[in-house]
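Residue numbers (the UniProt record's numbering): 1 to 779.
Glycine included, each C-beta is placed from N, C-alpha and C at the ideal position.
Structure below.
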């Protein structure tokens, strides 16, 4: 997506700007395009006229003297040296005159010049001819991701439930191996009676190429036409999460022309997003970071003379599109899982499937989908097209054969903006058109319309209409409407209603008031009314600010039946424990949960709370425990003998780990207090916070021969160390190499000398050493 200054409704203003540059160039200081001269220039001399002119390429150019030719036809000819001064290529055609070769400045259409005959200067603006200064405003990083050394994990999520006089015990056991070879994992469910396998897979990532290969259990990528299908087999395709900083959808580009060196500011919906300094000439700002949906950008160009030009234009960005030339594809071969969660090895007949999307340009993305087994085959083609100011229009056709036949149609329009948004979608499927894993279509015909509007500071209103017919002949038609607003003192209000066109018994109303008391404590009150009952609920919730600690909530529900309950979760570096309790009018319920696991990395073993992704193993050189923070949230403590495992990292994303320098001794020097790391896709990365070699340091108490201390502030010269001074009571800080050091202490009316021994293990915490300072007369 490219936005040019000379586009759309701003063509007239841009044309005027170009005209001004071509006929009346910008006036600047130091004589560049100065119009102070009142003498008339003779643009059409009777014969070729030599002109000695100082050529100025910019306002801050001191210039250089050249001889030029003014021709009878009005052309101004320059020698090759002028174009070298301007750092430009000379025109292709030349003119022979006076025994030399000359080039006409007028042959360069976009070059502007002005001759000041009073000052004998030639001002030249060649900014339009220079190569564009291209800059990307969306940062990128090196995609080399670290690999984890080999390791393994075994973790369990167990739960005990007592409800209605029944006691059950169930859980999930998750185990796996990881390393440079990839991630191999297996999940097993225990339902209280037997063990059932859930998923077994081997994942291999290629972050540089954005490819992921998965062998074993996976889920198909249905795209616009298919459905997500759990299967066992092989899946290979693109995975954009392997480079979290990659932006897959088109972002707007800006290009313009600065006649003088300028500062460029980019504002998106009134917020400054970028500031760049550009030289004279064309410039291009690529991939301006904006939010998705419709918005407005302002480009403010301020030249070195302080003059500003403001350009405004609209944009529309949507993740439904792929940027031009980008492909997104997935290929699957395998067999669908049947009775998932209750059977370990129950599969249907084999199938193949493929989905491919490509950004044909920054406004059009196409999609193809194929899926087939020996009984049915399905193929679909569609596209998404950006049509400002309407929004994104998408649609496609899908056709089947075998026991799945017919043609399905789907179309949609979506427009998202900060003030007003709307969406329309329509799907039509014949009852005979079946996808893999379907016995009947989910919907034969479905129409959805929704809209929302931000009413200034009052809040937002929304309305939605649904008309759906399923394969059983049922039809649902209803309207959902709502209003939400942010109130004072951290409160928010939500009101909504559902109207069923065909059955009034399904109508309902609801209202919710939420208040944030502080960063942790939130309270809420909700009320819901339907045809048969009213339900009110009061709740309070306390969250955790860090990874370690406790959180919980309590509620009271009043209506046809009264119940109250509470839950609490305690998270430690080793485990997560949860307690849920509920009291009802006819019974009580209690649930206890515990999640914990064991992880190995190389030869290290850790008892840790469950991991669901990569982790870091942090060590410090300190003999005492040091607090470790993950993005400023406390994760635990580590020392030289006990490493800390920091879970919950995001694969391939940059994360900041830091230590509390207050936990170190005051004289400790750290190599780094904080470190940016890139998490591997799976497994762990080691992080060590070291300490620099410490110089021996000790506090001395100087005593003169009569037992008194030298005056405070006395100058102290120390052999092998920097100069110092005495503090109260004759205290001196000695920091130097181990060994014997001579101290020379001087004050206004006297001086003394002393000898101090500094051992290699001396530190600030070492007891003070009393040193005798022999007094002598001041020289």
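If residue i sits next to residue j, beta carbons under 8 Å apart, how far is it from one beta carbon to the other, in whole angstroms?
i: residue 668; j: residue 694; result: 7 Å
i: residue 752; j: residue 775; result: 5 Å
i: residue 609; j: residue 595; result: 7 Å
i: residue 542; j: residue 513; result: Actually they do not touch by this definition, with Cβ atoms about 18 Å apart.
i: residue 231; j: residue 248; result: Contact doesn't hold; Cβ gap of about 25 Å is too wide.
i: residue 613; j: residue 651; result: 6 Å
i: residue 627; j: residue 586; result: Not quite, the Cβ-Cβ distance comes to about 49 Å (not below 8 Å), so this is no contact.
Exposed or buried, residue i, counting other C-beta atoms within 10 Å across all chains shown (16 or more means buried)?
i: residue 748; result: exposed
i: residue 285; result: buried
i: residue 124; result: buried
i: residue 607; result: exposed
i: residue 722; result: exposed
i: residue 367; result: buried
i: residue 773; result: buried
i: residue 710; result: buried
i: residue 343; result: exposed
i: residue 155; result: buried
In angstroms with no decimal places, state the Cα-to-Cα distance between residue i and residue j.
i: residue 114; j: residue 103; result: 16 Å
i: residue 354; j: residue 321; result: 19 Å
i: residue 434; j: residue 407; result: 10 Å
i: residue 424; j: residue 529; result: 29 Å
i: residue 561; j: residue 239; result: 49 Å
i: residue 446; j: residue 416; result: 21 Å
i: residue 483; j: residue 495; result: 5 Å
i: residue 293; j: residue 418; result: 8 Å
i: residue 782; j: residue 374; result: Only positions 1 to 779 of the chain appear in this structure, which leaves residue 782 out of reach.
i: residue 94; j: residue 279; result: 29 Å
i: residue 715; j: residue 740; result: 19 Å
i: residue 518; j: residue 491; result: 11 Å
i: residue 642; j: residue 523; result: 40 Å
i: residue 370; j: residue 346; result: 24 Å
i: residue 262; j: residue 304; result: 6 Å
i: residue 616; j: residue 174; result: 19 Å
i: residue 467; j: residue 582; result: 38 Å
Given residue i, which residues of its chain have a CB within under 6 Å of its CB, disregarding the five upstream and five downstream residues?
i: residue 204; result: 182 and 213
i: residue 189; result: 172, 196 and 198
i: residue 453; result: 420 and 461
i: residue 358; result: 327 and 366
i: residue 361; result: 324
i: residue 334; result: 231, 232 and 233
i: residue 349; result: 373
i: residue 330; result: 221, 237 and 355
For residue i, which residues from the same chain have a beta carbon less than 7 Å from its beta carbon, with the 5 sequence-adjacent residues on both sides left out?
i: residue 623; result: 639 and 640
i: residue 184; result: 176, 177 and 202
i: residue 187; result: 172, 174, 198 and 199
i: residue 107; result: 91 and 93
i: residue 770; result: 701 and 703
Would you say residue i and residue j are within 8 Å of each other, going by their C-beta atoms?
i: residue 547; j: residue 633; result: yes
i: residue 577; j: residue 566; result: no
i: residue 755; j: residue 742; result: yes
i: residue 568; j: residue 579; result: yes
i: residue 593; j: residue 159; result: yes
i: residue 70; j: residue 46; result: no
i: residue 391; j: residue 316; result: yes
i: residue 702; j: residue 745; result: yes
i: residue 456; j: residue 485; result: no
i: residue 398; j: residue 413; result: no
i: residue 254; j: residue 290; result: no
i: residue 449; j: residue 464; result: yes
i: residue 376; j: residue 341; result: no
i: residue 536; j: residue 559; result: yes
i: residue 436; j: residue 319; result: no
i: residue 498; j: residue 470; result: no
i: residue 692; j: residue 661; result: no
i: residue 67; j: residue 77; result: no
Which same chain residues, not among the five before or five after residue i, have their C-beta less than 8 Å away from its C-beta?
i: residue 151; result: 177, 178, 179, 599, 600, 601, 602, 683 and 684
i: residue 761; result: 696
i: residue 56; result: 30, 31, 32, 63, 121, 122, 123 and 124
i: residue 80; result: 90, 101 and 103
i: residue 308; result: 300, 301 and 302
i: residue 241; result: 651 and 652
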